[in-house]
Amino acid sequence: MRQGEEGRVVRIEGGWGLQRRLEALGVRVGVKIKKVSGHFMRGPVIARMGNTEVAIGWGMARRVMVEVL
Numbered sequence: 002m003r004q005g006e007e008g009r010v011v012r013i014e015g016g017w018g019l020q021r022r023l024e025a026l027g028v029r030v031g032v033k034i035k036k037v038s039g040h041f042m043r044g045p046v047i048a049r050m051g052n053t054e055v056a057i058g059w060g061m062a063r064r065v066m067v068e069v070l
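In the numbering used here, the protein residues as written are 2 to 70.
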């Protein structure tokens, strides 16, 4: 996903620990998400879901599969 694009979370590729951690942040399958910013070479990704913005590490973010809308 590029900066400013919106999408819907379709799958989270990871174990139950990663899924629980992302769910606690509000990142769940079916949720509409917008990428606010991200660094070119790794670094944190900032995403907005509704009125909430969260920063997710690059390793976690790459395991969230999103369908771009």
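Ideal placement from N, C-alpha and C gives every residue a C-beta, glycine not left out.
What you are looking at is a predicted structure, and each value in this text was computed from that prediction instead of being measured.
Chain-order list of residues whose beta-carbon lies under 7 Å from that of residue i (same chain, five-residue window excluded)
{"i": "residue 70", "result": "7, 8, 9"}
Closest residue to residue i among the options (Cα-Cα distance)
{"i": "residue 39", "options": "25, 54, 68", "result": "54"}
{"i": "residue 5", "options": "21, 36, 58, 60", "result": "36"}
{"i": "residue 2", "options": "32, 46, 17", "result": "46"}
{"i": "residue 42", "options": "21, 68, 59, 16", "result": "59"}
{"i": "residue 68", "options": "48, 56, 34", "result": "34"}
CB of residue i within 8 Å of CB of residue j, strictly
{"i": "residue 19", "j": "residue 64", "result": "yes"}
{"i": "residue 1", "j": "residue 14", "result": "Lying before the first or after the last residue shown, residue 1 is absent from the chain, which here runs from 2 to 70."}
{"i": "residue 32", "j": "residue 12", "result": "no"}
Close Cβ partners of residue i (< 8 Å) along its chain, the five nearest in sequence each way excluded
{"i": "residue 44", "result": "59"}
Sheet register partners of residue i (DSSP bridge)
{"i": "residue 46", "result": "39, 57"}
{"i": "residue 7", "result": "35"}
{"i": "residue 66", "result": "12"}
Close-in-space but distant-in-sequence residues of the same chain around residue i (CB under 6 Å, 5 per side omitted)
{"i": "residue 62", "result": "46"}
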